[in-house]
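Per mature numbering (1 follows the signal peptide of the UniProt record, and there is no 0), the sequence shown runs over residues -17 to -1, 1 to 683. Accompanying notes for the structure given below.
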Amino acid sequence: MFPKIFLIFFGLGLANSSPNQRTFTIDENEGIFRKDGEPFRYVSGSMHYFRIPEQYWLDRLQKARQGGLNAIQTYIEWSSHQPEPDIFDFKGNLNFLKYFQLAQQTNLLVIVRLGPFIAGERDNSGLPYWLASKNSSMQYRTSDPLFLHYVHQWYSKMLPLLKPYLYQNGGPIIMAQIENEYGSFIIDDDQYKVWLRDIVRFYLGHDLLLFTVDGNNKSYLIHGTIDNVYPTIDFGPGANISKSFDAQNIYSDNGPLVNSEYYTVWFDCWGTKHQTASVEPITKTFDQMLALNASVNFYMYHGGTSFGFMNGYFGYWGEQSAPMTTSYDYVAPIGEYGQLRPLYFAIRKIIQKYFTHVPPLSKKSIDSSNVSYTNEIIDEPKFNKKIDQEEKIIRMDFLIDIFQLIKNHSNFENSLIDMDESNQIKPIESELPLTFEQIYLRHGFIYYEYQLDFYPSDPILLNITELHDRSLVFVNEYYRSTLTRMDMIHKTPLNSLKIGDRIGLLVENQGHACCTSKPELKGIVGNVTLGNRLLKKWKQYPLFYNWSTIIDTISIGYRKSMKQQKQRKQQQQNRFLNNRNEESNHDCMNDCPERTFNLHPAFYLGVFNMTDKDRQREWFLDVRSCSRKGQAFLNGHNLGRYWPVMGPQITLYIPNVWFNFNDDINTLLLFELESEQKSCFKVKLINQHILNGTVPDNYQ
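Written out as structure tokens, the structure reads:
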């Protein structure tokens, strides 16, 4: 049976140049790139199509070109395009062909990074989670026949799509990367590297320039290079440029100098201080590289957002570790929501020293930045423009808790959800706890339940030998404790237990490791003991196989039902949109009461309107009033994880294109994990993105 393939073609023509006149090569004698026979070098920037809403691709590309870049670089992420073994997806926000066409329209060349391993602080380094479902012993990034089988299956779908977009065929793609920083990998498998090179050559031909990227010293390059593939390096500001490029020259036969990842700043993890950097060290090293006639790619030039559950997890087995934040701002020249930073203009100024024909900066390109200007074209901006701050308060009303969902209660007097059989959460029973991968669950949560069948001591120690990643512990649906891989806490005492009590573990997958060399399983990976007793006979409730279906049921289904529900439910709906009881409204809008530590994971819904005037601003979700940790959804779009009590990220970016304006209502859904149940509370939409919040002292 052939896999299902979803592919939308975007109706933009490629360049009209004759393919026979277009070449991109290395001049081995001169040690330079040649484009159509002429000496060439590039200044490019990493901008990942999957981290930017499709509607903003053109805006970001235009800003990159006006910033002086002549190329952009992006990964192609296997896990997004093949989320399940029998599904391939190249539509909408995953239509990289449209992204490449828009780049070409903007006069930008394209450098693609083919993986299959990409790292990039993405869930599972861009590898599909289900590889571990197929075989948890599979050896990633090696010549393991099973791994190569699935890579071949993926490449046979993806690579042919790229061929018409190669530079020699009239498209914008000048180079393609094989693997990623393989020299940092523990295992050096030459057979695997050569196999990747040859399969790319089979599908894309021998005219496309292939390259590798590794660290800037011999110890990385000796393991990462591949015969007949051009080696490049990566390093950040302040590195010894001469020594770095000397190392590259050893393996490149004095070919063109290339820094394929010149770091602007760095990524953020939950619980660690927000990364910052000064402009001057970045531009100084950049200037020095250009003076050596090097080609440079900024990582990142525009970071974007790891929407949904797609953030990676930084750390290794058995070590203290942390998940990445939802924001992938990277303090890049173009910020997360498209704003231009001082670094953008400083880089542009350096580029103008070495390149002619840098496009002018238009007023349109800087409207989202706090830049003052008097003319349509600016060269020396002043970052002192004041923007009046507004906020919108949204009332969030309780919908349903996870225990109602799990137990499938049919009488939801306080809920607007009608659960039909297709949305019921059916338990999966097993002798020992099953992992996410064993039940083919890509993201989210599993609620594990065990019913006590022996007489325990009091107190008694609950121990999970290996937990990935975070678990709330319940007894008879009452919260008792939190276990977390992040702090290496995997034990907790329980008291007053008796035969028949139900121990529940709500386990969160906080993102697969983004620097893994072997399958990383999620959920309860080891054994669970109570005292010295191994616990057997478990029920697993997956939350959820299809998040979009659940969200549609809760939010979109709610909106459709407004005109259809009977009088009883109509009265409940009026709580959301009609004039509210003053006393009830007052209670909801007050600050939260002191914590009782009776955590109750639940869904909350807010309904609100946006006007045309609101369309002119950028909006960010601020949940600090009563929320601690959870997942946010707007109009069915998964905004990502929020965790303001951990920091440093406080607010979530909401792309303007995901709002409904004027008469159509917006539905904001929060899956609140670690707060007490309440009938309602408030959140805010504000005009300020807060990424430098307070983090716990013990993480600093």
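In this text, a Cβ means the ideal position worked out from N, Cα and C, and glycines have one as well.
Keeping to the same chain, check which residues put their C-beta closer than 6 Å to that of residue i; ignore five residues upstream and five downstream.
i	result
F218	N199, S227
N76	E37
L668	K375, W602
K522	P410, E412, E432
S454	L466, L488, V490
K106	In the sequence on display, residue 106 carries Asp and not Lys. The residues are M293, G295, G494, H495.
L193	A159, I161, V212
M469	A305
G109	E60, W61, S62, G98, I101
G286	Y311, D312, Y313, A315
L526	G427, F428
With DSSP collapsed to three states, give me the class of residue i.
i	result
W40	helix
M293	coil
L481	Note that residue 481 is Lys in the sequence shown here, rather than Leu. Coil at K481, not helix or strand.
T532	helix
H672	coil
M471	coil
H340	coil
M121	coil
Y438	coil
S608	coil
N562	Residue placement at N562 is flagged as unreliable, the pLDDT there being 44, under the threshold of 50; a coordinate-derived value is accordingly withheld.
Q136	helix
I169	coil
I429	strand
A315	coil
R5	coil
S116	helix
D197	strand
N(-2)	In this prediction, N(-2) has a pLDDT of 45, which is less than 50 and means its spatial position is unreliable; what the coordinates show is noted afterwards. If DSSP states are grouped into helix, strand and coil, N(-2) belongs with coil.
Y461	strand
S108	helix
L582	strand
I35	coil
residue 684	Residue numbering for the chain in the displayed model covers -17 to 683; residue 684 lies beyond these limits and cannot be assessed.
L77	helix
N568	Low local confidence applies: a pLDDT of 48 at N568 is under 50, so the model's placement there is unreliable, with the coordinate-based value given in what follows. Of the three classes helix, strand and coil, the one that applies to N568 here is helix, per DSSP.
Y423	coil
Y320	coil
Since residue i sits in a beta bridge, which residues does DSSP pair it with?
i	result
E412	K522
N621	F616
residue 684	Since the first residue shown for the chain is -17 and the last is 683, residue 684 is missing from the structure and cannot be characterised.
Q56	S29, I94
W602	I637
R516	L513
P418	The amino acid at residue 418 is misidentified as Pro; the sequence shows Thr. G506.
N446	K474, T512
C663	D380
I486	Y433, V458
E11	The partner list for E11 (beta bridge, DSSP) is empty, contrary to what the question assumes.
Looking only at its chain, what residues have a beta carbon closer than 7 Å to the beta carbon of residue i, apart from the 5 residues adjacent to it on each side?
i	result
G207	E164, Y165, G166, T195, D197
S119	E420, P502, L504
G291	N621, G623
L617	I637, W641, N649, L651
I389	I408, Y430, Y524
How far does the alpha helix (DSSP H) with residue i in it extend, from its first residue to its last?
i	result
D270	262 to 274
R180	173 to 187
S62	61 to 64
For residue i, I'd like the list of residues in its chain whose CB is within less than 8 Å of its CB, leaving aside the five on either flank, ordered along the chain.
i	result
H117	The sequence shown places Lys at residue 117, not His. Taken in chain order, the residues that qualify are P68, L129, Y133.
P214	F194, T195, D197, L204, G207, T208, Q231, Y234, S235
R595	Looking at the sequence shown, residue 595 is not Arg but Asp. For D595, where only same-chain residues beyond five positions count, the Cβ hits under 8 Å are F644, N645.
Q4	D19
May I ask which residues mark the beginning and end of the beta strand (DSSP E) holding residue i?
i	result
F281	278 to 285
I377	374 to 384
P22	21 to 23
S454	453 to 458
Y587	585 to 591
D72	70 to 73
R17	15 to 18
I161	Here I161 belongs to no beta strand (DSSP E), and DSSP marks it neither H nor E.
Is there at least one non-hydrogen atom of the ligand MG closer than 7 Å to the beta-carbon of residue i?
i	result
F250	You won't find the ligand MG in this model; it holds no ligand whatsoever.
(request) Jot down the residue ranges of each uninterrupted alpha helix (DSSP H) in the stretch 201 to 244, minimum 4 residues, whole runs only, in chain order. (result) Counting only runs of 4 or more, we get 201 to 207, 224 to 235.
(request) Mind listing, in chain order, the continuous alpha helix (DSSP H) runs of no fewer than 4 residues lying wholly within the stretch 79 to 106? (result) Counting only runs of 4 or more, we get 79 to 88.
(request) At 3 residues or longer, and completely inside the stretch 625 to 659: list those beta strand (DSSP E) runs for me, N to C. (result) Counting only runs of 3 or more, we get 635 to 637, 649 to 655.
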